[in-house]
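Take a look at the structure set out below.
Protein chains: 4
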Amino acid sequence: MSLSLSDSRYGRSGIRLLKLTRRGDRHDVRDLTVDVALEGDFGASHREGDNRAILPTDSMQNAVYALARDHAGGEIEEFALELVRHFLADVQHAVRARVRVAQRPWGRIETGGRPHDFAFARGGAERRIATAEGGRDGRAPLVEAGIEGLLLMKTRGAGFAGYLKDRYTTLPETDDRILCAELNAIWRYGWPELPYAAHYRQVRQVILDTFAAHDSRSVQHTLFEMARAALEQVPPLIEVRLRLPSQPPRPVDLRPFGMENTGEVFLPSEEPRGLMEAVVRRDDLG
Amino acid sequence: MSLSLSDSRYGRSGIRLLKLTRRGDRHDVRDLTVDVALEGDFGASHREGDNRAILPTDSMQNAVYALARDHAGGEIEEFALELVRHFLADVQHAVRARVRVAQRPWGRIETGGRPHDFAFARGGAERRIATAEGGRDGRAPLVEAGIEGLLLMKTRGAGFAGYLKDRYTTLPETDDRILCAELNAIWRYGWPELPYAAHYRQVRQVILDTFAAHDSRSVQHTLFEMARAALEQVPPLIEVRLRLPSQPPRPVDLRPFGMENTGEVFLPSEEPRGLMEAVVRRDDLG
Amino acid sequence: MSLSLSDSRYGRSGIRLLKLTRRGDRHDVRDLTVDVALEGDFGASHREGDNRAILPTDSMQNAVYALARDHAGGEIEEFALELVRHFLADVQHAVRARVRVAQRPWGRIETGGRPHDFAFARGGAERRIATAEGGRDGRAPLVEAGIEGLLLMKTRGAGFAGYLKDRYTTLPETDDRILCAELNAIWRYGWPELPYAAHYRQVRQVILDTFAAHDSRSVQHTLFEMARAALEQVPPLIEVRLRLPSQPPRPVDLRPFGMENTGEVFLPSEEPRGLMEAVVRRDDLG
Amino acid sequence: MSLSLSDSRYGRSGIRLLKLTRRGDRHDVRDLTVDVALEGDFGASHREGDNRAILPTDSMQNAVYALARDHAGGEIEEFALELVRHFLADVQHAVRARVRVAQRPWGRIETGGRPHDFAFARGGAERRIATAEGGRDGRAPLVEAGIEGLLLMKTRGAGFAGYLKDRYTTLPETDDRILCAELNAIWRYGWPELPYAAHYRQVRQVILDTFAAHDSRSVQHTLFEMARAALEQVPPLIEVRLRLPSQPPRPVDLRPFGMENTGEVFLPSEEPRGLMEAVVRRDDLG
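Residue numbers (the numbering used here), protein chains in the order written: chain D, 1 to 286; chain G, 1 to 286; chain F, 1 to 286; chain Y, 1 to 286.
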């Protein structure tokens, strides 16, 4: 039987890393998780167990640590780009390299009303994401950035009505529900060498402003408005991908106990389960 | 600014469900998790908040429960197909529907040396997977099946040597390591209406036999052998996708304590982190 | 065979609850998890299956929701006390009732430089804890409060040296390590009806100030200083229990790559595993 | 202010370990997680940062690995006892040492209808537990064993009726519900040097037999019967502690869709949340 092999990819994920930068008494920390993936001509290792084209994933992890010393203190997009350049130079059989860096938040402890120089507390589940991907075609590597895992909730300005009903529909229409969704947004930059941190903060703020101000008729509606606002207000963006797993907290029925529940007591959903996703792109890109 | 919308998808994931089938005193249970996703022309809901094409995900969940009563007691592939047919008929704006069913294992408790009729214990993390996907093009729906989350280990018959070395390589070559990887395999059937349960058991056994018997030179090598064996021995299969996140347990260095560790004490890896994946396909499909 | 039954306890844990308080356009949310446990004379249900003394845990959950409407908008200590009173009045066979309320943080989204009225983002893993426990002995219920799950890190001012060494000791002594530990602190109040929120904030700040300023010689050392500072500076406290699971991030050895690592690149520990705990109590309590 | 320090305990938890035993081509694996805790006079480390009595938890971890080579291939109770002896001899300031070993199941892959010699698949969430605890009072160390995390379900032979009702009770009485609970059982042996593996298997089987055969009127009822059966049938046991977090899967209401649900479709509970626990002890112990 003749067998074809495709989409062969390998690498190392979940490389954990803490980078400490000391500026005198003032310290900065970056808490990073790095994923490395190589695509290429690895057929001999699959078919014959010939490993000559295979760099051990253990060596990838070592390279991440070694390069972190000089390159992980800046923006994570630049660290991802540096790693892509390294792995393309290092592994001749790789035709593409992809690196993803996720940064977990640590905030400074406030003491005496001021942020402390070297004492930190871990922040929420939100992660800042950067990915870089490059090949051997001479084109500039692709850079994307994003936010993952930020749980948002608004308790006004959201409804859901006028929808399709079938024989299994029991959900009541409402113009006042709690909208609760996890924000996962990845955006693509149209050109390289940007002030990534400033752009990250700006896109994040635009998305949050839209979430708060937007009069939401559905999760889909809010999703599109977030993407539109980001694309309109931040010129280097050419594409925004959004995934908003959601489930509105359900009002608890207190009538069996002779009580009314006028939007006061809700059962939160542990795992957001409504899944809404879309890609929004500037059309004028030629 | 003109914006295009693509890859718009919505649905409900993580619908949990226990189906109990009573055959006199003998009971059967199926512990299922269902994901539903629709693709289609949902632009109006995104752009204008017009929900007329949107069936609430709450209604999807209700439909899964209602259809489970009569359709979840058989093979999960058939339940997935039934749900795809339902959603395509139900939601006119959907151009494709995709349903994924994951089944968690429950085994019968042994009492008096025999499997009990109605007492069960939950099995391991392994899940049996079925997906069905269909559209409006008149073609038969696509059916895939698989295994996810089964952690495998072999303590002989695995090595890793002859690989590419760079300046960051410290991993020693070996012809005797512990191979430990999580099996995630999805295979596609070439035609419909198969004895799915029998095929599932056969593919699973072929993969496990290969894992045990194969003289592994790398995770890639083992991955390909598993796929090859499945495609060769189970005719309805036309494609196998494998993902084997892996990390060999590392021998603990006991030399600082004046002791030798001749392959006896290892540090297991909590999270498999080497990521190997590939798609293997029969070439003679025309 | 004669069998004694003791420590019989039952209840419901993990009751999830979102309480929304509307003050015009300004909304407040509390995201709570409630555990209820009753102790008492439940022997007949155990020995004979006679359930007359057993209130279903489902009814406990309902009571938590019903009482949440009017009592969950204030301090969690008061909600816990209200629930203890309710269950003691409700279940005559219960000799003690214990309620624990854990509050997850939601912060207001900043828009236009100001905290938004009704849009929120979930905070970190830190939870504010309150427990109340009471019986039928006429004494005032016990009230405790605390913090759980707050991961702290300081990158200066911590060492570990002068310790006991045995044949298995390989850890180098250091006067400069990263101290990283999860804060779990529960304190007991000496008298009831306190301004609980103010005390919570004050104890939390005292502990964080101590963590940052303290010159740490060990986790134990820091633990005691935190407790001491809280007991000295916040008079209603009579006891502080601290648990600080910890593991310092380990410097990555870059020497195999011809590089030095002067305290810049560390491997963070996913799960804190050093376990340090102690109870510190004011001695002058008579 | 004079402060007392009590319940001071420290140690290392979550020490992960894989022990491989080779008997020719036939291999055995043990996948263990070890927790070590010492109690004693550690006041100087707390109050003055004087670490002379403190063995680093890193050294504890090293000792576990070193002793695992020769002692982790047998019963986990014996490995726990060996570690207790080691730490009491090693750390003079420790007045008590406690070691807990949890074993995760790995089963042999079946190939050609036979269990394979060196290929394994990870089993379920069930863990076998052993704890040993000893001090300097000359008494034999305490040995306990148990099972944790085994999810059990029976779909016949369980009811819940005749219970206390209050104004918040909405649960219907039933003589036919699904009983689903996680088994957590720890038992204490009355004397040392037992055939631990045989006793473990016997107690486990007695508990499962009781779960299956017992006509359950409540979780409490089942809990007591399990403990009674174990104490009656396995003489060396003097005490059984059971914790059965439980929540019956709830029937899904299909009436809104014009369908009946005669005990066929249920919503499983992800997290068991009813909490039932008790200690049952032989009374004739003097």
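Where a beta carbon is used, it is the ideal one built from N, C-alpha and C, also for glycine.
All values derive from a computational prediction rather than experimental measurement.
Would you tell me roughly how many angstroms separate the C-alpha atoms of residue i and residue j, rounded to the nearest one?
| i | j | result |
| --- | --- | --- |
| residue 101/D | residue 77/D | 8 Å |
| residue 220/F | residue 257/F | 36 Å |
| residue 51/F | residue 239/F | 38 Å |
| residue 189/D | residue 19/D | 26 Å |
| residue 104/G | residue 182/Y | 16 Å |
| residue 83/D | residue 144/D | 15 Å |
| residue 43/G | residue 284/G | 40 Å |
| residue 199/G | residue 14/G | 26 Å |
| residue 153/D | residue 75/G | 39 Å |
| residue 25/Y | residue 208/G | 19 Å |
| residue 244/Y | residue 59/F | 19 Å |
| residue 133/G | residue 196/F | 56 Å |
| residue 155/F | residue 265/F | 12 Å |
| residue 118/G | residue 27/G | 5 Å |
| residue 8/F | residue 29/F | 35 Å |
| residue 136/D | residue 95/D | 6 Å |
| residue 114/D | residue 129/D | 28 Å |
| residue 40/D | residue 92/D | 9 Å |
For residue i, count the other beta carbons within 10 Å of its own beta carbon; 16 or more makes it buried, fewer makes it exposed. Which is it?
| i | result |
| --- | --- |
| residue 98/Y | buried |
| residue 260/Y | exposed |
| residue 131/G | buried |
| residue 165/D | exposed |
| residue 139/Y | exposed |
| residue 191/D | exposed |
| residue 174/G | exposed |
| residue 35/D | buried |
| residue 204/D | buried |
| residue 107/F | exposed |
Report the option in the options whose CA atom is closest to the CA atom of residue i.
| i | options | result |
| --- | --- | --- |
| residue 194/D | 50/D, 237/D, 47/D, 139/D | 237/D |
| residue 110/Y | 279/G, 213/G, 258/G, 260/G | 213/G |
| residue 210/Y | 188/G, 255/G, 116/G | 116/G |
| residue 85/G | 54/G, 224/G, 120/G, 37/G | 37/G |
| residue 120/Y | 45/G, 91/G, 178/G | 178/G |
| residue 148/D | 106/D, 159/D, 141/D, 126/D | 126/D |
| residue 68/F | 168/Y, 250/Y, 248/Y | 168/Y |
Going along chain Y, which residues have a C-beta under 8 Å from residue i?
| i | result |
| --- | --- |
| residue 37/F | 275 |
In the DSSP assignment, the alpha helix (DSSP H) including residue i goes from what residue to what residue?
| i | result |
| --- | --- |
| residue 228/Y | 219 to 233 |
| residue 15/D | Taken as a continuous stretch (DSSP letters only), residue 15/D belongs to no alpha helix (DSSP H), being part of the beta strand (DSSP E) at 3 to 23. |
| residue 352/D | In the structure displayed, chain D extends from 1 to 286; residue 352/D sits before or after that span and is not available. |
| residue 80/G | 76 to 90 |
Please compile the residues from chain G whose C-beta is within a distance smaller than 7 Å of the C-beta of residue i.
| i | result |
| --- | --- |
| residue 264/Y | 19, 20, 69 |
| residue 54/Y | Within 7 Å Cβ-Cβ: nothing; residue 54/Y doesn't reach chain G, min ~20 Å. |
Taking the beta strand (DSSP E) that residue i belongs to, which residues open and close that run?
| i | result |
| --- | --- |
| residue 203/Y | Here residue 203/Y belongs to no beta strand (DSSP E); instead the alpha helix (DSSP H) covers 196 to 213. |
| residue 181/F | 179 to 189 |
| residue 241/F | 237 to 243 |
| residue 43/Y | It is not in any beta strand (DSSP E) - residue 43/Y instead sits in the alpha helix (DSSP H) that spans 43 to 48. |
| residue 266/F | 265 to 267 |
| residue 115/F | 114 to 122 |
| residue 274/Y | 274 to 282 |
| residue 165/Y | Premise fails: residue 165/Y is in no beta strand (DSSP E) and is neither H nor E. |
Which residues of chain F have a Cβ atom closer than 7 Å to the Cβ of residue i, listed in chain order?
| i | result |
| --- | --- |
| residue 223/D | Neighbours of residue 223/D on chain F: none; closest Cβ ~16 Å, over 7 Å. |
Given that residue i touches chain D, what residues does it touch there, using C-beta distances under 7 Å?
| i | result |
| --- | --- |
| residue 170/Y | 256 |
Please find out if some non-hydrogen atom of the ligand ZN comes closer than 6 Å to the beta-carbon of residue i.
| i | result |
| --- | --- |
| residue 162/G | No copy of the ligand ZN occurs in the structure displayed, which carries no ligand at all. |
Output, in chain order, the set of chain G residues within a Cβ distance shorter than 9 Å of residue i.
| i | result |
| --- | --- |
| residue 215/Y | Residues of chain G passing the Cβ test: none, with the nearest at roughly 12 Å. |
What does residue i touch in chain Y if you count any residue whose Cβ is under 9 Å from its own?
| i | result |
| --- | --- |
| residue 1/F | 228, 231, 232, 282, 283, 284 |
List the residues of chain Y that residue i touches, going by C-beta distances under 7 Å, in chain order.
| i | result |
| --- | --- |
| residue 57/F | 274 |
| residue 167/D | 257 |
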